[in-house]
Amino acid sequence: MTEPRAVRARSGHGTCNTTGFRPPFSASYNPFCFHAATATPSSVTVTDEPDVLIQRLSLLVKGHSRAVLDSYEFFATTAAKELGVAVSNVSEPKKDVARLTLLKSVHIFKKHRVQYEMRTYYRRIQLSRLTGSTAQAYLEYVQRNLPEGVAMEVQKTTMEKVPDHILEPMRDDLGAGR
Amino acid sequence: MASHTSKAFPILGRINQAGFGLQTSVSRATYATGVFIKTTKADEGFQGRKFTAAKKFRRDPGVYRTEKMPLDQDWTAVYPTAAPFNPNAVPLPVRMGYPVKGGAPPDRKGNLELIKIPNFLHLTPAAIKKHCEALKPFCTEWPSALDTDAKCDQFFPVKVESTDYVAAGPSVRNPAARRVHLSVNVSSLNLDDHARKKMLKLVGERYCKETNVLTITTDSCPLRQQNKDYALYLLTVLYHESWKTEAWEAEKTRADMEEYSWEGSQSQRTLLHLLGLREGEGKEVQEQLLERSEVQAYKDSVTRLKNEGDGESAILQYKDAVKSVLGL
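These protein sequences, in sequence, are chains H and Z.
Quick note, in the working numbering, the first sequence goes up one by one and the last residue is 178.
Quick note, in the working numbering, the second sequence goes up one by one and the last residue is 506.
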């Protein structure tokens, strides 16, 4: 079987602007639309450099609010589906709660305390079998749209062939060593 | 009766000055633009001055833009990017906050709670579709031949894993991002028996027996690329070193062996002694004894017990072998 290869797609300008999306200029004043109506499409160059193959991409999103993570999960999974990336698993790891108990009063009153807690909710989105170019485009899109107060960890597992220099042992090393 | 002079602008409201104490209501003209109203001195009392001063630059709030929005509008134009919640622009009847006693949570007009939380109004399914259409030229197809994990492992057995961290803070860098884990299935490397045993001895804890996977973790270099190169270098060195046979490897004792072998063990000596082999007798007699099938069965059962551990079938096999050897 010939080894499968994928060619890499790269942006000519090095940045990934949202091309093709031109908001129609409505008659009413829109305070949020800052960029011009005309957007020049950036050129995509296809090189012969072999693409990196990623077996698994695991996104762990952390936030203080479960509702925000729910919405983000919907966004990330929809984006993956649109780009043709397989979503293998979406899970919700157990939340972490950091609690601390402090004295309520500035002076004395040891029996009266106040308790605070900080909750971190998690969401794990696992994508499987995507190329390096697709991963780059998807990750940039998904990370640029991370809401405020949400952090992300991306665990990337790339697969490679056994390097050429360890396919065969060196001839002079067979037998007695130094 | 209060009289007033006013310019010919549309009158948009009437103000009742009941609190002031006058029995009659005084009508004042309110304007859409902050135009200076000329009033006579008779109109201004203590309250009147304050009232007209306050009314001078006040504009009518006007109609919310949501009333004028058509139903089939392009929502991606209203919220093209991430923006705070604007009650003027979002036609949804959302309510948020602690409810008024016996009532509902406050509505969207002037609601700070709705502005505080992050919203996804710019990421509706229609917007996501548009964005993905624009991103598609930058994506490449996955090779269709590698559709299962087994095939991926067969052709690409070396896995390199690393983690990226995205968080808001004083710095975007995270020192933990330099860590690299390199995993390889040992059976995919070209190793003979001696090389395999030597490699497993060299790596020690990094090898997992259940999955047959060797994992090398590197984080001694400051950059991820450097750590990855170092891990590959370590793998190369391990491979070549395990193929070499050093002079001191001849001193390997029974205690260093990874597996139990019956030849030359105490169990063999005991069995031969039981079968009547005396000290002086030659090798041919010994080999004759060893070739017997019961002895071979006994050897297999003991080797199995020692290597694989106790199990019901292993112990039964040992029992049968012992019975056959002793002729019971």
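All C-beta atoms, glycine included, are put in the ideal place defined by N, C-alpha and C.
- [ ] Closer than 7 Å by beta-carbon distance: list the chain H residues that pair up with Z:Tyr343, in chain order.
- [x] One-based indexing of the second sequence puts residue 343 of chain Z at position 165. Within 7 Å Cβ-Cβ: Glu153.
Open item on the list: Let me see if you follow: with CB-CB separation under 8 Å, is Z:Ile394 close to chain H or not?
Closed with: As a working note, residue 394 of chain Z is residue 216 in the second sequence. No, Z:Ile394 lies away from the interface with chain H (no Cβ there is under 8 Å from its Cβ).
Open item on the list: Helix, strand or coil for H:Gly132? Go by DSSP, reduced to three states.
Closed with: Residue 132 of chain H sits at position 132 when you count from the first residue of the first sequence. DSSP places H:Gly132 in the helix class (H, G or I) of the three-state scheme.
Open item on the list: Run through the DSSP bridge pairs and tell me what Z:Cys386 is partnered with.
Closed with: Counting from one through the second sequence, the residue named residue 386 of chain Z turns up at place 208. Beta-bridge pairing links Z:Cys386 to Z:Val391.
Open item on the list: Determine whether the beta carbon atoms of H:Ile125 and H:Glu168 lie at a separation below 8 Å.
Closed with: Along the first sequence, read from residue 1 onward, the residue named residue 125 of chain H stands at position 125. Along the first sequence, read from residue 1 onward, the residue named residue 168 of chain H stands at position 168. Not closer than 8 Å, so no.
TODO: For H:Ile169, name the three-state secondary structure that DSSP assigns.
DONE: Within the first sequence, residue 169 of chain H is the residue found at index 169, counting from 1. Before going on, a small fix: residue 169 of chain H reads as Pro here, not Ile. The answer is coil: DSSP assigns H:Pro169 none of H, G, I, E or B.
TODO: Using three-state DSSP, classify Z:Leu506 as helix, strand or coil.
DONE: In the second sequence, residue 506 of chain Z corresponds to position 328, counting from 1. Three-state result, Z:Leu506: coil.
- [ ] Report the residues of the segment 341-365 of chain Z with a CB closer than 8 Å to any CB of chain H, ordered along the chain.
- [x] Thr341, Asp342, Tyr343, Val344, Ala345, Ala346, Val362
Open item on the list: Just to confirm the assignment, what range does the alpha helix (DSSP H) spanning Z:Lys379 have?
Closed with: In the second sequence, counting from the first residue as 1, residue 379 of chain Z sits at position 201. From DSSP, the alpha helix (DSSP H) with Z:Lys379 extends over 371-381.
Open item on the list: Looking at the secondary structure, which residues open and close the alpha helix (DSSP H) in which Z:Tyr408 lies?
Closed with: Taking the first residue of the second sequence as 1, we reach residue 408 of chain Z at position 230. Element bounds for Z:Tyr408: 402-421.
- [ ] Determine the direct distance from the alpha carbon of Z:Asn363 to that of Z:Glu339, and round the result to whole angstroms.
- [x] Along the second sequence, read from residue 1 onward, the residue named residue 339 of chain Z stands at position 161. Along the second sequence, read from residue 1 onward, the residue named residue 363 of chain Z stands at position 185. Whole-angstrom Cα-Cα distance: 14 Å.
Open item on the list: Assuming H:Val150 and H:Val61 are in contact, meaning their beta carbons sit under 8 Å apart, how far apart are those beta carbons, in whole angstroms?
Closed with: Mapped onto the first sequence, residue 150 of chain H falls at position 150. Mapped onto the first sequence, residue 61 of chain H falls at position 61. Contact between H:Val150 and H:Val61 holds, since their C-beta atoms are separated by about 6 Å, short of 8 Å.
Open item on the list: Only counting the same chain, and skipping five residues up and downstream in sequence, which positions put a Cβ closer than 7 Å to that of Z:Asp397?
Closed with: Position 219 of the second sequence holds residue 397 of chain Z. Contacts found: Arg356, Arg357, Asn405.
TODO: Spell out whether any CB of chain H is found under 8 Å from the CB atom of Z:Tyr417.
DONE: Within the second sequence, the letter at position 239 stands for residue 417 of chain Z. Yes, its Cβ sits closer than 8 Å to a Cβ of chain H.
Task: Per-residue burial, Z:Ala499 [other beta carbons within 10 Å of its own, 16 or more giving buried] - done: Looking up residue 499 of chain Z in the second sequence gives position 321. Per the 10 Å Cβ criterion, buried.
Open item on the list: Under DSSP, the alpha helix (DSSP H) around Z:Leu450 begins and ends at which residues?
Closed with: Locating residue 450 of chain Z in the second sequence gives position 272, counting from the first residue. Going by DSSP, Z:Leu450 is part of the alpha helix (DSSP H) stretching over 444-452.
TODO: Less than 8 Å between the CB atoms is what I'm expecting for H:Ser88 and H:Ser128, so what's the real figure, rounded?
DONE: Along the first sequence, read from residue 1 onward, the residue named residue 88 of chain H stands at position 88. Along the first sequence, read from residue 1 onward, the residue named residue 128 of chain H stands at position 128. H:Ser88 to H:Ser128, Cβ: 4 Å. Contact.
TODO: Taking C-beta pairs closer than 8 Å, name the residues in chain H that Z:Pro303 reaches, listed in chain order.
DONE: For the purposes of this step, residue 303 of chain Z is taken as residue 125 along the second sequence, with counting starting at 1. Residues of chain H passing the Cβ test: Thr78.
- [ ] Write down the C-beta distance between H:Phe75 and Z:Ile306 rounded to the nearest angstrom, noting that I regard them as a contact closer than 8 Å.
- [x] Working through the first sequence from its first residue, we reach residue 75 of chain H at position 75. Working through the second sequence from its first residue, we reach residue 306 of chain Z at position 128. The Cβ separation is near 7 Å, so the contact holds.
TODO: Look at the alpha carbon of Z:Pro296 and the alpha carbon of H:Glu148, and state the distance between them as a whole number of angstroms.
DONE: The sequence position of residue 296 of chain Z within the second sequence is 118, counting from 1. The sequence position of residue 148 of chain H within the first sequence is 148, counting from 1. If I take the Cα positions, the gap works out to 6 Å.
- [ ] Mind reading off the beta-carbon distance from Z:Glu437 to Z:Asn390? Whole number of angstroms is fine, and I expect it under 8 Å.
- [x] As a first step, residue 437 of chain Z must be located in the second sequence, where it is residue number 259. As a first step, residue 390 of chain Z must be located in the second sequence, where it is residue number 212. Rounded to the nearest angstrom, the Cβ distance from Z:Glu437 to Z:Asn390 is 15 Å, too far for a contact under 8 Å.
- [ ] List the whole-angstrom C-beta distance separating Z:His300 from Z:Thr244, where the pair is believed to meet the contact cut-off of C-beta under 8 Å.
- [x] For the purposes of this step, residue 300 of chain Z is taken as the residue at position 122 of the second sequence. For the purposes of this step, residue 244 of chain Z is taken as the residue at position 66 of the second sequence. The pair is not a contact, with the Cβ atoms about 17 Å apart (cut-off 8 Å).
Task: For Z:Thr259, the first and last residue of its enclosing alpha helix (DSSP H) - done: As a first step, residue 259 of chain Z must be located in the second sequence, where it is residue number 81. DSSP places Z:Thr259 outside any alpha helix (DSSP H), giving it a letter other than H or E.
- [ ] Compute the distance between the beta-carbons of H:Val239 and H:Arg119, then report whether it is under 8 Å.
- [x] The question about residue 239 of chain H has no answer, for chain H in this structure spans 1 to 178.
Open item on the list: Against chain Z, does H:Ile125 count as a neighbour if the rule is that its beta carbon must be under 8 Å from one of theirs?
Closed with: As a position in the first sequence, residue 125 of chain H is number 125, starting the count at 1. H:Ile125 does not count as touching chain Z.
TODO: In the DSSP assignment, find the alpha helix (DSSP H) that holds Z:Val463 and state where it starts and stops.
DONE: On the second sequence, residue 463 of chain Z is found 285 positions in, with the first residue counted as 1. Counting along the chain, the alpha helix (DSSP H) containing Z:Val463 begins and ends at 461-469.
- [ ] Counting only the same chain and skipping the five closest in sequence on each side, list residues whose C-beta sits under 6 Å from that of Z:Val336.
- [x] Within the second sequence, residue 336 of chain Z is the residue found at index 158, counting from 1. The answer, listed in chain order, is Val362.
Open item on the list: Going by DSSP in three states, Z:Glu291 sits in which element: helix, strand or coil?
Closed with: Translated into positions along the second sequence, residue 291 of chain Z becomes position 113. Three-state result, Z:Glu291: helix.
Open item on the list: From the DSSP secondary-structure annotation, give me the bridge partner or partners of Z:Tyr343.
Closed with: Looking up residue 343 of chain Z in the second sequence gives position 165. Answer is H:Glu153.
Open item on the list: Under 8 Å, Cβ to Cβ, is there at least one residue of chain H near Z:Lys307?
Closed with: For the purposes of this step, residue 307 of chain Z is taken as residue 129 along the second sequence, with counting starting at 1. Answer yes: the Cβ-Cβ gap between Z:Lys307 and chain H drops below 8 Å somewhere.
Open item on the list: So, with DSSP's three-state summary, where would you put H:Ala137?
Closed with: The sequence position of residue 137 of chain H within the first sequence is 137, counting from 1. H:Ala137: helix per DSSP, three-state reduction.
TODO: Give the residues of chain Z in contact with H:Lys161, contact being defined as C-beta atoms less than 9 Å apart.
DONE: As a first step, residue 161 of chain H must be located in the first sequence, where it is residue number 161. From the beta-carbon of H:Lys161, the residues of chain Z found nearer than 9 Å are Phe333, Phe334, Pro335, Val336.
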